[in-house]
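Right, one structure below, let's go through it.
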Amino acid sequence: MLRTKLFSRQILLLTACCWLVSNLAGPSVFAAEQKQPNILFFFTDDQRFDTLGCAGHPIIKTPNIDRLAAEGVRFDNMFVSHSICWVSRTTILTGLTARSFGVYEKPDQAKPEAVTALYPDLLRDAGYRTAHIGKWHAKMPKGFSPKDHYDVFEPIFRNPYLKKQEDGSLRHETELIGDKAIEFIKDQPKDQPFSINLWFNASHAEDRDHRPGVGHFPWPKATDGMYEDIDVPAPRLNDPAIFASQPQYLKDSINRERYFWRWDTPEKYQTNIRAYFRMISGIDNVVGRVLKTVKEQGFADNTIVIYTADNGYYMGDRGFAGKWSHYEESLRVPLIVYDPRLPKSSRGKVVSQMAMNLDLPVSFLSWAGVDVPESYQGLNLVPLVQGATPKKWRKDMFVEHVTLRPTISWEGVRNSRYKYARYFDQTVDAEFLHDLQVDPDELKNFVNDPNYAKVLKQLRARTDELVNHYGAPLVPYKPQPPKKKRPKK
């Protein structure tokens, strides 16, 4: 495994030139005296790919994020390798899939050797001042202390979202994350690069309180009362026949259980969907506040901004809540990258290549001119951001879910046309094959269609190959018999 070291200006220049030649990126965005860029990472919770104004959503207002997309690059096919919050976050920290970073018996918990090259550690070794503010929720080895890996570590978690202040007022967790970020930026030395994670709990609902809308309001004046005058259309994929077509294990899963918390009546749906939209607009408001401070402190010209989410969200589609299962609503998330050093010709573009959360730590280190560990499994997004078309890019990706066994435990592969998923703890109706070109809503399962027999065989084999590449097959779940109670003496 490569260990990082602080690069000199000459090496940074040489690295930029290598990117230029190898990726045919056109004119370099790096000047001869370019400093290491600051990295500002906005990371939301439970936000699927289409819930931004710039992604075409007809209702949600996100003007600050939309401006980032207009002046930067938006990725239209961004996915997570495992759709649940703590695994997605651990993947970004370690550069590894769950199958690779996890302990075999607990594949969602990182083993000690997986946390020896976390990207924030490598950035700090390279001279960056680092901060993590907001949600953590990564399952690390025993003895691991997050605060030891950042210059500033400010954990803020929901439950409840509204935090009581010294003056007795209530302030939302999202706003508190913004406050802490602004403090960090105002204290930032002018001659040192910074990397800051703003990891929001929003737009996740409040799991400990199932009353409609709890945790989502009140908000500051910027978002208070938003969307209350709008009758939000019902979920597009809400035909009861879609839910009825699901296998029984998904009908019995947490996807359906949580549906009854928030989406099962028109009244609850309207209350919760409006609240969900307000959560996202509240995040957008904080994005604007933080970017304003970046500009006021003189960092705007050299600060790269990244906006993405840890997983998708069903929002009542398919009769489901949450994420976890294999459909696009669960796996696909937004990604916007704004690099102020880009030429105007590269701004406002939409990238169609498949990107993954695995790619983010690789890209962070590449922007900083830091060696990427050989263990990292993602690709470098920097050439795509710069407008290049790499000769080699992923043709498919390994996706999985190993944390909610035995009901939701699956593995599979997605390419530009097909998606294959097998629920390996199940014995009946355990496989899915979707043709995203013929059926983009994934309403049909082509597993038993003889016209797809060849494709099915290829994707089964490819899944086997990727399972072995990233780790090993997981033994199918066998429920343990209940322990016999000892008779009372």
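Taking our numbering, the leading residue of the sequence shown gets 1348, the next gets one more, and so forth.
All C-beta atoms in this analysis are idealised placements derived from N, C-alpha and C, irrespective of residue type, glycine included.
The structure presented is a predicted model; accordingly, all values stated were derived computationally and were not measured.
query                                                                                                                     : result
Exposure label - R1395; buried when at least 16 CB within 10 Å                                                            : buried
Between the CA atoms of G1666 and R1558 - distance to the nearest angstrom                                                : 19 Å
CA-to-CA distance, A1656 to V1637, given in whole angstroms                                                               : 18 Å
Inter-residue spacing [alpha-carbon to alpha-carbon] between D1877 and R1609                                              : Past the boundaries of the shown model lies residue 1877; the chain is included only from 1348 to 1836, so the question cannot be answered.
Reference G1759; option with closest CA among G1725, D1468, R1688, K1804                                                  : K1804
Terminal residues of the beta strand (DSSP E) in which A1457 lies                                                         : 1453-1457
Neighbour-count burial assignment, A1800, 16 or more Cβ in a 10 Å radius                                                  : exposed
Pair within 9 Å by beta-carbon distance, N1602 and W1671                                                                  : yes
Among D1538, V1633, E1553, the one whose alpha carbon lies nearest that of T1409                                          : V1633
Residues bridged to F1624 (per DSSP)                                                                                      : F1624 is not bridged to any residue.
First and last residue of the uninterrupted beta strand (DSSP E) at G1481                                                 : 1476-1481
With 16 other Cβ atoms within 10 Å as the buried cut-off, status of H1429                                                 : buried
Below-9 Å beta-carbon distance, R1761 vs any chain D residue                                                              : Within the model displayed, chain D is absent; a lone protein chain is all it includes.
When D1392, F1389, Y1466 are compared against G1725, the one with the closest alpha-carbon                                : Y1466
Span separating the alpha-carbon of P1613 from that of P1681                                                              : 27 Å
Pair within 9 Å by beta-carbon distance, A1485 and W1433                                                                  : yes
Exposed unless 16 or more other CB atoms sit within 10 angstroms - verdict on G1695                                       : exposed
Given 8 Å, three or more beta-carbon pairs between the stretch 1657-1664 and the stretch 1443-1451                        : no
Beta carbon of D1743 nearer than 9 Å to that of N1727                                                                     : no
Coarse secondary structure for A1656, derived from DSSP in three states                                                   : strand
Three-state secondary structure assigned by DSSP to N1585                                                                 : coil
Ranges of the beta strand (DSSP E) found wholly within the stretch 1508-1555, counting only runs of at least 3            : 1509-1511, 1517-1519, 1541-1546
DSSP-derived helix/strand/coil call for S1710                                                                             : helix
Cut-off 6 Å between Cβ atoms - residues of its own chain near R1555, not counting five sequence neighbours on either side : N1506
Assumed close pair I1524, I1503 - CB separation to whole angstroms, cut-off 8 Å                                           : 6 Å
E1675 to G1659 span [Cα, whole Å]                                                                                         : 8 Å
Best match in K1453, D1472, F1531, V1684 for proximity to A1416 [C-alpha to C-alpha]                                      : V1684
Residues that M1744 bridges to, as DSSP identifies them                                                                   : R1761
Neighbourhood of I1406 by C-beta, 8 Å cutoff - its chain only, sequence neighbours within 5 removed                       : Y1574, I1577, V1579, F1624
Contact set for P1753: own chain, Cβ-Cβ below 7 Å, skip 5 residues either direction                                       : D1772, Y1824
Cβ distance (whole Å) where A1647 is taken to contact L1470 below 8 Å                                                     : With 8 Å as the limit, A1647 and L1470 do not qualify as a contact, their Cβ atoms being about 20 Å apart.
7 Å CB neighbourhood of Y1723 in its chain, flanking five on each side removed                                            : G1442, P1708, V1709
Spatial neighbours of N1544 in its chain, beta-carbon cut-off 6 Å, leaving aside the 5 residues before and after          : F1388, H1479
For T1391, the residue or residues it bridges with in DSSP                                                                : A1656
Cβ-Cβ distance between E1520 and A1552 below 9 Å                                                                          : no
Buried or exposed (CB count within 10 angstroms, at least 16 for buried), I1358                                           : Annotation note: pLDDT 34 at I1358 (below 50); position unreliable, coordinate value reported separately. Looking at its Cβ environment, which holds fewer than 16 other Cβ atoms inside 10 Å, I1358 is exposed.
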